[in-house]
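Have a look at the structure below before the remarks.
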Amino acid sequence: HVPRTDETVAQVWAKEKLTLHSLPGTPFEACRLISCQVNQLSLIHVETNQYSVPCAYVGQAVWVKQFVDRLIIVAQNQVITEYPRSYGRNQLFTRLDHYLEALLKKPRAIRDAHPFQNPDIPEIFRHFHRRMRETEGAAGDRKFVRLLLLHRELGLNLLTQAIQEAERKQIFTYEAVHEIIQKMTGNVAGPVGQAPEALENYKVKVTDINQYRQLVKEENQ
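Be aware that the sequence shown starts at 1150, since it is given in the numbering used here, and climbs by one per residue.
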C-alpha cells in the first residue's frame, strides 16, 4: 500500500497514467537551432567560424542544428552537409565538392581555391592538376574539374587509384583517367564498328517481295 492511503501502488499508478502525456513521435534533438544566410562565397557564419555549403544555396536561408559534437545544415527540410563541431575561433571550414559546379564556370579558380588545399584532398590530385596545366594550359583546369566531379559516382578511393595509375604511366589527361576508370569498373566499350554479340547473332527475316506486289495490286483494283 501507498503510505497513509488504502490504495496499492498499482492502483495509484493506474490513476496517474491517465494524466500523463504520450511520448513524442520522434526523438528529441538536443541541439541549438540557428538560422543562417549563405553568402556569395557559399559560406555561413556560426558564432565566429565559417562553413561552406553547396554553391546552389548561395543567397538562401538555411538552418543549422548545433549539437555538442557536430553541425548539421538543413535547407528545405533536407540535410545538405554536416561538419564536426569546432570549439576554436575564427576558423574556416570548406569542402571542395561544394564548389565544383561554380568551378566548372570559372575553372581557373581551382588554382587558388581554399578547398583544394584541404588536407583531406590527396596530394596526388594537386600534382596531377599541375601536370595537366603544363600539358593543356587553361583547358587543363576545366578538364581537371570534370575529373573531380567523377568522385560523386565513383567515390574518392577509386578516383585516386585511377589518377595514380595515370601518373604511373605519365599520361596527364582527363581522357586517360577516364579510360582507366572504365577498365577498373569493367565498363569498357568495344572497338568502333564492332557490334555486340547479341546483335551479331540476330537473324533478320527476308521479306517476300511478292507479298508487297500483291498488296499494291489489290489497292489499285
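The C-beta atom is built at its ideal place from N, Cα and C for all residues, glycine as well.
Please read these numbers as outputs of a predicted model, since none were measured by experiment.
From which residue to which residue does the alpha helix (DSSP H) around residue i run?
{"i": "V1326", "result": "1323-1334"}
{"i": "K1254", "result": "1249-1254"}
{"i": "E1314", "result": "1305-1317"}
{"i": "I1273", "result": "1272-1285"}
Specify the secondary structure class of residue i as computed by DSSP and reduced to three states.
{"i": "C1204", "result": "helix"}
{"i": "I1259", "result": "helix"}
{"i": "K1214", "result": "strand"}
{"i": "H1170", "result": "coil"}
{"i": "L1299", "result": "coil"}
{"i": "R1153", "result": "coil"}
{"i": "A1224", "result": "strand"}
{"i": "R1181", "result": "strand"}
{"i": "R1219", "result": "strand"}
{"i": "Q1186", "result": "strand"}
Given residue i, which residues of its chain have a CB within under 7 Å of its CB, disregarding the five upstream and five downstream residues?
{"i": "R1181", "result": "Q1215"}
{"i": "G1289", "result": "M1281, R1282"}
{"i": "E1178", "result": "K1214"}
By the 10 Å Cβ neighbour count, where 16 or more other Cβ atoms means buried, how is residue i classified, buried or exposed?
{"i": "N1198", "result": "buried"}
{"i": "F1265", "result": "buried"}
{"i": "L1245", "result": "buried"}
{"i": "A1315", "result": "buried"}
{"i": "K1318", "result": "exposed"}
{"i": "Y1206", "result": "buried"}
{"i": "P1203", "result": "buried"}
{"i": "A1347", "result": "Reliability of the predicted coordinates at A1347 is poor, the pLDDT of 43 falling under 50, and the value obtained from them is presented with this limitation in mind. Classification of A1347: exposed, given that the 10 Å Cβ count is below 16."}
{"i": "L1167", "result": "exposed"}
Less than 8 Å between the CB atoms is what I'm expecting for residue i and residue j, so what's the real figure, rounded?
{"i": "I1273", "j": "I1229", "result": "Incorrect: roughly 28 Å between the Cβ atoms, too far for contact."}
{"i": "L1252", "j": "A1258", "result": "6 Å"}
{"i": "I1330", "j": "L1303", "result": "7 Å"}
{"i": "H1247", "j": "S1184", "result": "That belief does not hold up - the Cβ atoms of H1247 and S1184 are roughly 20 Å apart, past 8 Å."}
{"i": "G1106", "j": "V1187", "result": "For the chain, the structure presents residues 1150 to 1370; residue 1106 sits outside this window and is missing."}
If we define contact as Cβ-Cβ less than 8 Å, is residue i a contact residue for chain C?
{"i": "Q1186", "result": "No chain C appears in the structure shown, which is made up of a single protein chain."}
Who are the near neighbours of residue i in its chain, counting only those whose CB is closer than 6 Å to its CB and skipping five residues on each side?
{"i": "A1287", "result": "none"}
{"i": "L1172", "result": "none"}
{"i": "L1241", "result": "Q1199"}
At which residues does the beta strand (DSSP E) containing residue i begin and terminate?
{"i": "E1231", "result": "1227-1233"}
{"i": "L1192", "result": "1192-1195"}
Quick check: does the Cβ of residue i come within less than 7 Å of any heavy atom belonging to the ligand SAH?
{"i": "E1156", "result": "With respect to small molecules bound, the structure shown includes none, and the ligand SAH cannot be examined in it."}
Excluding the 5 residues flanking residue i on each side, which residues of the same chain have their C-beta closer than 8 Å to its C-beta?
{"i": "G1237", "result": "N1198"}
{"i": "V1161", "result": "V1151, T1154"}
{"i": "E1285", "result": "K1292, T1322"}
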